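63 is the number that full-length UniProt numbering gives to position 63 of the sequence shown; each next residue is one higher, with no gaps. In this text, a Cβ means the ideal position worked out from N, Cα and C, and glycines have one as well. Being a predicted model, the structure only gives us computed values, none of them experimental.
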Amino acid sequence: MRVVQHVFRRGAVYWWRRRLLKKAGERELAPIAISLRTRDLSKARTIAAHLAVASDGILRQEEGREVLSPVQVRSMLESVARTHLAKLDRLAALETADGITADDGRTSDRIMGWARRLQASQGIAAAVGDAERGVLAANGLSLEEIEEVNWTLNLLRKSSRGSSPRQKLMALLEACGAPQGEGDIQQAERIYYRGQAAALLSVDRRWSGEYREDDKLIEQLLSDHGVASRVMATTPDALRERPASRAEEVATVADSSVPAPSQKETSITKLSENLIKEKAKLGEWNGKTQRQARSLVATFVEMIGDDHVRSLAQSRVAEYRSLLLALPRTYGKGQNDRKTPLSVWLERAKALPENEVGREPGTLNRHLTQLQEVLVYIEACGHKIPEFSGVSKLLSKKKGRARDERNPFSPEDLAAIFRQPPWTGCESLENRLVSGVMIYHDALSIVPYLARYTLGRREELCGLDVDDVLEEGGIPYIFIRPNEHRTLKNPQSKRRIPLVGEVVRLGFLRYRAEIKSLGYKLLFPELRAASDRTPLGDVFYGDWIKVQDQAVPKAAEERKVFHSFRKAGGADLKDAGVASELRADILGHGGDNITEERYVSSAKLKQMLEALEKLPIVTEQIGSKEISLRRDILQKRQRPSARPRRQTKGARES
């Protein structure tokens, strides 16, 4: 017998169980069970109370969350309906050839259409009840047809065995740039059935010859012909008798008394700018993303040679991908790059080494995904793009597992890194790799040990604000969150990471106090480049790569980069027996499954601190020194210039 809400005993251990989220096609809530890992009833009661509060919050969030944007819903609905209409047209032609009458075809499509519409509202377990019978009857279905709808639903349910077309749904979500979480898939299932239902219920088009698109085409042709005739009629004979230049023709049409028909915006650039402004207003795109979108649209328009939506087609998207893979990697990074024609850049690329040509897979995918957002928006504005099917088939597929892309630093690597002059003493600020007696506290000497003991990403740490270093319950921590200097990789990257005692011993909190007393907002102000377009992590890399090359000479061939701090730390936590969900909270990853990702509450700072304290200390040889800031920081001198990391050797990493 249970002694507290949601708690039950399984063997000698107490468990917490609750029904949280309704799955598509199920009439009951899906259960989730979590072991409390205790035999003590009082402890189980305390833990269960916290879990209950957290689960209530999750339920409220799920109830209010709009999974897909209206533009994404419209894009998916149009894609499904268009595909299914084409399929039904082919089937109708075959059935007619086999002797199926129009009445039979119309009835069959209407029955299946209503079955799909009910599935769109009720899921795969849809059934015809009293309320549904009333709706079907009101829409002209006979009693016999209503029973056919019910029979069809039963057949569909049995044939699907209670599951939805998951792979198709994930492909739809990917094509419109939507996330592919469980809630997104459930919403996509409803949209999928809605699109099929809409196509099926357009029976008059297939079986009664109501091809409205043909009528509109003829109306447009007649309208164009009429305008041309009226222009000719109002043109003086003298002008018609002699050849006219193109400019004169345009002037004649413009001066005509015939009013120009009202038209939608047709400029790709202007439509893209509208999207950018809307995204900025909604807070979905920051300044960097807006610049990237403008840049790719400018390149795309230059490639197709026409800033009109009539030139858009799916084949143009494939051409753009080929262009990105043929251009020098430096293209678009200089302010004056676009003053030089693409043809000249392509010629230059032919003389470059292979590793300096073409976008990296991640950058390529970002370009294509952003272009897709622009094209989906243009379609949503009423412009049809021939055969447009998204970019999913054009995206780069990474080779091998993600974990194999970069290798962790070995214990020997870590020891060698922190034996370098920036930590043991250097000659001067200009000669950080030459041994001496000077110690400077700045990004070069602090960010590497932060990466070791917090497992933060390079840009996350370089972009910290002074106000991102906080304390709760006596535990100091850094708050990784979006700010004006940089965004985050994904939503789950926003997190709090406690600082282990070694970080405090090395003077990090004292450094933060000194920087704050000088009035700085950015924790590492020397990383602010002359151009606000240069990522802070790229500026840091220019100094860091010299340290890495000296400490780990074979880093490049061993696929070791700054991210290797993170890889090494993650492996150390796993070896120390830290639970996967706790490691995910520290690293800013999603859970391995929906249970971990949605229903396990964020780890408390104390739990995370206990986990991070299991990391082997690799900086014990570094003494605790009085804080010594750089001259340019003390004098508040603005950085004169910064060589972006693209001008140094190495692959970009986060």
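Inter-residue spacing [alpha-carbon to alpha-carbon] between residue i and residue j
i	j	result
R559	P553	11 Å
V503	L634	23 Å
R190	S75	14 Å
G195	S142	24 Å
L91	L85	10 Å
S628	L573	33 Å
M112	D89	15 Å
T619	F418	6 Å
W207	P165	28 Å
L429	P525	16 Å
V293	F300	Here residue 293 is Ala; the residue named in the question, Val, does not match the sequence. Going from the Cα of A293 to the Cα of F300 covers about 10 Å.
G134	E145	13 Å
A529	F388	40 Å
S435	L488	36 Å
Q72	C176	6 Å
E148	Q187	27 Å
V297	P70	23 Å
Y14	G181	30 Å
S410	E78	52 Å
N336	G362	24 Å
E460	T83	43 Å
A579	S35	13 Å
E347	I545	31 Å
V317	E412	47 Å
P408	Q420	19 Å
G105	R338	57 Å
Three-state secondary structure assigned by DSSP to residue i
i	result
F409	coil
I124	coil
A555	coil
S35	strand
L68	coil
F524	coil
S445	helix
K606	helix
I475	strand
R495	strand
S159	helix
S315	helix
W285	coil
F508	helix
H50	helix
F388	coil
D465	strand
V500	coil
P328	strand
L323	helix
I191	helix
Supposed contact pair residue j and residue i - C-beta distance, whole angstroms, cut 8 Å
i	j	result
L523	R512	7 Å
H367	L324	6 Å
L364	E302	About 18 Å; that fails the 8 Å criterion.
L499	Y477	6 Å
K625	I475	Rounded, the Cβ-Cβ distance is 24 Å, inconsistent with contact.
D109	L173	In fact, because the Cβ distance is near 27 Å, the residues do not count as touching under 8 Å.
M608	D575	Rounded, the Cβ-Cβ distance is 17 Å, inconsistent with contact.
L414	D543	That pair is no contact at about 18 Å.
Residues near residue i in its chain [Cβ-Cβ closer than 7 Å; skip 5 each side]
i	result
A349	A326, L327, P328 and V357
N483	G463 and D465
D255	Residue placement at D255 is flagged as unreliable, the pLDDT there being 43, under the threshold of 50; a coordinate-derived value is accordingly withheld.
A280	Q290
L395	N365 and L368
Cβ shell of residue i (< 8 Å), same chain only, five flanking positions each side left out
i	result
R458	V447, A451, G537, F540, Y541, F562, H563, E653 and S654
L153	A115, L118, Q119, A126, A127 and V128
S121	R190
Y193	R116, R117, Q119 and A120
L136	W114, V128, E145, I146 and V149
Own chain residues within Cβ distance below 6 Å of residue i, not counting five before or after
i	result
G25	Caution is warranted here: a pLDDT of 42 is assigned to G25, below 50, making its placement in the model unreliable, and no coordinate value can be reported.
N150	V128
P386	A313
G588	Q492, S493 and R495
R403	Since pLDDT at R403 reaches only 46, below the 50 mark, its modelled position is unreliable, and the value read off the structure follows with that caveat. Nothing listed; no residue qualifies.
>> For the structure I just gave you, are there three or more beta carbon pairs, one from the stretch 284-291 and one from the stretch 341-359, closer than 8 Å?
In response: Flag = no, the stretch 284-291 and the stretch 341-359 do not touch.
> For the 8 Å Cβ check, are there 3 or more pairs between the stretch 566-582 and the stretch 463-478?
Replying inline: Not touching, per the Cβ criterion.
> So, do the stretch 371-379 and the stretch 263-272 have three or more beta carbon pairs nearer to each other than 8 Å?
Replying inline: As far as the Cβ criterion goes, the stretch 371-379 touches the stretch 263-272, which means the pair count is three or higher.
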